[in-house]
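Enquirer:
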Amino acid sequence: MRDVAALKVQAAERAVEFIQSGMVVGLGTGSTAVHAVRAVGRLLQSGQLQNIVAIPTSEATAEEARSLQIPLVSFDTHPVIDITIDGADEADPNLDVIKGLGGALLREKIVAAVSKRFVIVADHSKRVTQLGSRAPVPVEVIPFAERPVCDYLQSLGARVEKRLAEDGKRPYRTDENNIILDCYLGPIADPYQLAATIRQRPGVVEHGLFLNMVTDVILATPDGLEHLTRA
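FYI, in this note's numbering the residues of the sequence shown are 184 to 414.
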């Protein structure tokens, strides 16, 4: 069995091979996606990639990109992204995924929605037969709406936990200064219906169900890398 941590790095670097000079690149957030960001930085430094500009999915990723001298742009000048590489918390056989345990789901979904190619990099433990089997569905909520939205999500059968900051005392706040309610639902029979139902509630900003968006998944497994593509 090979080291899965090392394979995650290899998977991220494999995804970066899809990037070509002159592209607009979406930079994901999280412990796996950061390896892709660093690989892009190295390739720019060496000259193997040229004329790359990037849009980060979080302030943390933006800071990492600046430290690597990756040029950052905004949607004002680059409204379409050629390829985005990001991580996921779960991925099902349809390449639908749950994202957001890193807290950046809103910006991640905005970036993914305007990406021609959306590549997920993850380790094999994130593969599930049904979304919700292991990970909660994160729901980003305006703080003012916390109680009514929490009650609503509970009415849908979710066990709801308000996410806390690292100190375990203060509420976690997103880059947009919202809160996150993690919804434990168990295996989700119809993710598309659930997604639509969650979004109906005023005060919900976004949820972590990324449906019909992913084009590729590169999984790091004990036996090597596995590349899955949407049929």
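Here a beta-carbon is modelled for each residue, glycine too, at the ideal position from N, C-alpha and C.
On the DSSP letters alone, give me the boundaries of the alpha helix (DSSP H) that Ala237 sits inside.
Expert: Unbroken run through Ala237 is the beta strand (DSSP E), Val236 to Pro239; no alpha helix (DSSP H).
Enquirer: Which value, in whole angstroms, describes the spacing of the CA atoms of Thr215 and Asp269?
Expert: If you take the alpha carbons of Thr215 and Asp269, they lie about 8 Å apart.
Enquirer: Once the 5 residues before and after Val236 are set aside, which same chain residues still bring their CB inside 6 Å of it?
Expert: Val207, Pro254 and Val256
Enquirer: Would Leu411 and Val400 qualify as a contact pair, given that the criterion is a beta-carbon distance under 7 Å?
Expert: yes
Enquirer: For Ser298, does the three-state DSSP call read helix, strand or coil?
Expert: DSSP places Ser298 in strand when its eight states are reduced to three.
Enquirer: Using 10 angstroms around the beta-carbon of Gln259, count the other beta-carbons present and answer buried if the total reaches 16, otherwise exposed.
Expert: At residue 259 the sequence reads Asp, which differs from the Gln that was named. Of the residues assessed, Asp259 falls on the exposed side of the cut-off, its CB having fewer than 16 other CB atoms within 10 angstroms.
Enquirer: Can you find the residues in the same chain that come closer than 7 Å, C-beta to C-beta, to Ile371, ignoring five residues on each side of it along the sequence?
Expert: So the qualifying residues of the chain are Gln313, Leu314, Gly315 and Leu377.
Enquirer: On the three-state DSSP scale, how would you describe Arg310?
Expert: Three-state result, Arg310: strand.
Enquirer: Roughly how many whole angstroms lie between the Cα atoms of Ala248 and Pro239?
Expert: For Ala248 and Pro239, the distance between alpha carbons rounds to 8 Å.
Enquirer: Could you round the C-beta distance between Arg346 and Tyr355 to whole angstroms and report it? I think they count as a contact, below 8 Å.
Expert: 4 Å
Enquirer: Just list the residues that DSSP pairs Phe393 with in beta bridges.
Expert: Val280
Enquirer: In chain order, what residues of the same chain lie with their CB nearer than 6 Å to the CB of Thr404, ignoring the 5 residues before and after it?
Expert: His307, listed in sequence order.
Enquirer: Are the beta-carbon atoms belonging to Lys292 and Glu359 less than 7 Å from one another?
Expert: no
Enquirer: Can you list, in chain order, the residues of its chain with a C-beta nearer than 7 Å to that of Val297? Leave out the 5 residues immediately preceding and following it.
Expert: Pro262, Val263 and Ile264
Enquirer: Once the 5 residues before and after Ala194 are set aside, which same chain residues still bring their CB inside 6 Å of it?
Expert: Val304, Ile401, Ala403 and Leu408
Enquirer: Return the chain-ordered list of same chain residues with a C-beta closer than 8 Å to the C-beta of Gly369, the five sequence neighbours on each side being excluded.
Expert: Gly315 and Ser316
Enquirer: Could you tell me if the beta carbon of Leu314 falls within a distance shorter than 6 Å of some heavy atom in the ligand ADP?
Expert: Only the bare structure without any ligand can be found here, which leaves the ligand ADP out of the picture.
Enquirer: Please state if the CB of Leu278 and the CB of Val199 are separated by a distance shorter than 7 Å.
Expert: no
Enquirer: Glu196 by DSSP, collapsed to three states: which one?
Expert: helix
Enquirer: Please go through the same chain and pick out, in chain order, the residues whose beta-carbon is closer than 6 Å to the beta-carbon of Met184, but skip the five residues on each side of it.
Expert: Residue placement at Met184 is poorly supported in this model, since its pLDDT is 45, which falls under 50; the coordinates are not used for a value here.
Enquirer: Do Gly209 and Asn234 count as a contact pair if the criterion is CB distance below 7 Å?
Expert: no
Enquirer: Report the residue ranges of all alpha helix (DSSP H) runs contained in full by the segment 330-388; include only those spanning at least 4 residues, in chain order.
Expert: 374-382
Enquirer: Just to confirm my understanding: we take Ala222, look at its own chain, exclude 5 residues before and 5 after, and list those with CB closer than 7 Å. What are they?
Expert: So the qualifying residues of the chain are Ala195, Glu196 and Val199.
Enquirer: Is the Cβ-Cβ distance between Glu323 and Ile381 less than 7 Å?
Expert: no
Enquirer: So what's Ala403 in DSSP terms, helix, strand or just coil?
Expert: strand
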